[in-house]
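In the UniProt record's numbering, the protein residues as written are 1 to 83.
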């Protein structure tokens, strides 16, 4: 499991696992439970690059980021770490 501390959103942390560039499990801590459970279920089984492409740049109201955008940042950080 990887842990990513979020910034600028209601969720405080994201835990996720990746195997062979495929997202296996995602759990958000804090934030809107129903929406974040839905996002988690939608991206589980998805290739990391596809999730980054779909989630990157999504904003939440007046915020410059969102929980999905923070997940994309977490995935980018993981890719950079293992590269």
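Ideal placement from N, C-alpha and C gives every residue a C-beta, glycine not left out. For clarity, every value in this text was computed on a predicted model and none was experimentally measured.
Between the alpha carbons of residue i and residue j, how many angstroms are there, rounded?
| i | j | result |
| --- | --- | --- |
| residue 34 | residue 60 | 15 Å |
| residue 52 | residue 64 | 16 Å |
| residue 2 | residue 62 | 28 Å |
| residue 32 | residue 55 | 17 Å |
| residue 28 | residue 18 | 15 Å |
Let me make sure I understand the geometry here. Which of the options has the alpha-carbon closest to that of residue i?
| i | options | result |
| --- | --- | --- |
| residue 11 | 25, 48, 47 and 69 | 69 |
| residue 26 | 81, 71 and 47 | 71 |
| residue 9 | 49, 40, 16 and 36 | 36 |
| residue 85 | 13, 38, 58 and 42 | One cannot answer for residue 85 here, as it falls past the ends of the chain, which runs 1 to 83. |
| residue 40 | 74, 16, 20 and 80 | 16 |
Below 8 Å on the Cβ atoms is my contact criterion, and I expect residue i with residue j to pass it. Report the Cβ-Cβ distance as a whole number of Å.
| i | j | result |
| --- | --- | --- |
| residue 4 | residue 77 | 7 Å |
Got a sec: does the ligand GTP put a non-hydrogen atom nearer than 6 Å to the Cβ of residue i?
| i | result |
| --- | --- |
| residue 65 | In terms of ligand content, the structure shown is empty, and the ligand GTP therefore cannot be addressed. |
**Inside the segment 2-81 only - alpha helix (DSSP H) runs reaching at least 4 residues** = 33-43 and 48-55
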